[in-house]
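Asks: Okay, so the sequence shown: first residue is 97 according to the numbering used here, each after it adds one.
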Amino acid sequence: MNQQPENLNALTNYLDFSVPGEGSLIMALQKAQSIFGYIPKDAMILIAQKLDIPVSKVYGVVTFYSFFQTEPKGRNDIKVCTGTACFVRKADKVLRYLEDSIGIKCGETRKDLEYSLDSVRCVGACGLAPVIEINGEIHGNLSNDEIDKLLGRTR
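1) Roughly how many angstroms separate the alpha carbons of Ser215 and Lys189, rounded to a whole number?
2) Counting Cβ pairs, one atom from each stretch, are 3 or more of them under 8 Å apart for the segment 157-165 and the segment 197-209?
3) Could you pull out every residue in the same chain whose Cβ sits closer than 6 Å to the Cβ of Cys182, ignoring the five residues on either side in sequence?
4) I'd like the ranges of any beta strand (DSSP E) spanning at least 3 consecutive residues and lying wholly in the segment 130-196.
5) Hey, how far is the Cα of Gly236 from the Cα of Ala221?
6) Give every residue of the same chain whose Cβ lies closer than 7 Å to the Cβ of Ser212, excluding the five residues on either side of it in the sequence, and list them in chain order.
7) At the level of alpha carbons, what is the spacing between Asp241 and Tyr193?
8) Rank Tyr134, Asp112, Val154 and Lys186 by C-alpha distance to the C-alpha of Leu209 and give the top, closest one.
9) Is DSSP giving Leu125 helix, strand or coil here?
10) With DSSP run on the structure shown, which of helix, strand or coil describes Ile243?
11) In the DSSP output, what is Gly236 paired with across the bridge?
12) Does the Cβ of Lys245 have 16 or more other Cβ atoms within 10 Å, making it buried, or fewer, making it exposed?
13) Among Pro136, Ala144 and Tyr110, which has the Cα closest to the Cα of Glu118?
14) Which residue's Cα is closest to the Cα of Leu147: Lys207, Ala187 and Asn109?
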């Protein structure tokens, strides 16, 4: 998940078989993110060159879609649902507890890349509120003890 020369080579190999133009941009960005774990500036520049489109266009698409990341994420990507049902059931306390437990604020990634913490508007599991998602897995009806157990499993 880092910017090693072999990662740029893998992206170059993929792009060599892509049709130039904006029609290939989303797939190229998805490939870059799968290679690096995020989309670094060097990858955006390479994609722009290979697809013959402006870097500003590539950057605009990357920053428009929330799926794309421009910074490395932690090995354990935690998202706290702050939608209406979760908010009413004290998602703010869950978020504060997680911030204290893993030592970062919402929107940050720990320097050791062990954890990332974000909030999202809804994960579609309102009946389980409050809900968190860890690496794509949903966990609901959370207490602090349950959060500690989940964090213990990620360490």
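Just so it is clear, CB atoms sit at the ideal spot from N, CA and C, and this is done for glycine as well. Values in this document were obtained by computation on a predicted structure and should not be read as measured data.
Replies: This is what the structure gives:
1) The sequence position of residue 215 within the sequence shown is 119, counting from 1. The sequence position of residue 189 within the sequence shown is 93, counting from 1. Rounded to the nearest angstrom, the two C-alpha atoms are 12 Å apart.
2) No, the segment 157-165 does not touch the segment 197-209.
3) In the sequence shown, counting from the first residue as 1, residue 182 sits at position 86. If the five residues before and after Cys182 are omitted, its C-beta is found closer than 6 Å to the C-beta atoms of Ala225, Pro226 and Val227, all from its own chain and listed in chain order.
4) Along the segment 130-196, the beta strand (DSSP E) occurs as fully enclosed runs of 3 or more residues at 172-177, listed in sequence order.
5) Here residue 236 refers to the residue found at position 140 of the sequence shown. Here residue 221 refers to the residue found at position 125 of the sequence shown. Linking Gly236 to Ala221 through their CA atoms gives a straight-line distance of about 8 Å.
6) One-based indexing of the sequence shown puts residue 212 at position 116. The residues are Lys169, Gly170, Asp173, Ile174 and Thr205.
7) In the sequence shown, counting from the first residue as 1, residue 241 sits at position 145. In the sequence shown, counting from the first residue as 1, residue 193 sits at position 97. Spanning the alpha carbons of Asp241 and Tyr193 requires a straight line of approximately 11 Å.
8) Residue 209 sits at position 113 when you count from the first residue of the sequence shown. When the alpha-carbon of Leu209 is set against those of Tyr134, Asp112, Val154 and Lys186, the nearest one is in Tyr134.
9) Stepping through the sequence shown from its first residue, residue 125 is reached at position 29. Collapsing the DSSP output to three states places Leu125 in a helix.
10) Within the sequence shown, the letter at position 147 stands for residue 243. In the three-state reduction of the DSSP assignment, Ile243 falls in the helix class, which pools H, G and I.
11) Walking along the sequence shown from the start, residue 236 turns up at place 140. Listed as beta-bridge partners of Gly236 by DSSP are Val227.
12) Against the sequence shown, residue 245 aligns to sequence position 149. By the 10 Å Cβ count, Lys245 comes out exposed.
13) Here residue 118 refers to the residue found at position 22 when the sequence shown is read from its first residue. Of the candidates Pro136, Ala144 and Tyr110, the one whose C-alpha sits nearest the C-alpha of Glu118 is Ala144.
14) Against the sequence shown, residue 147 aligns to sequence position 51. In this structure, Asn109 is the residue among Lys207, Ala187 and Asn109 with its C-alpha nearest to the C-alpha of Leu147.
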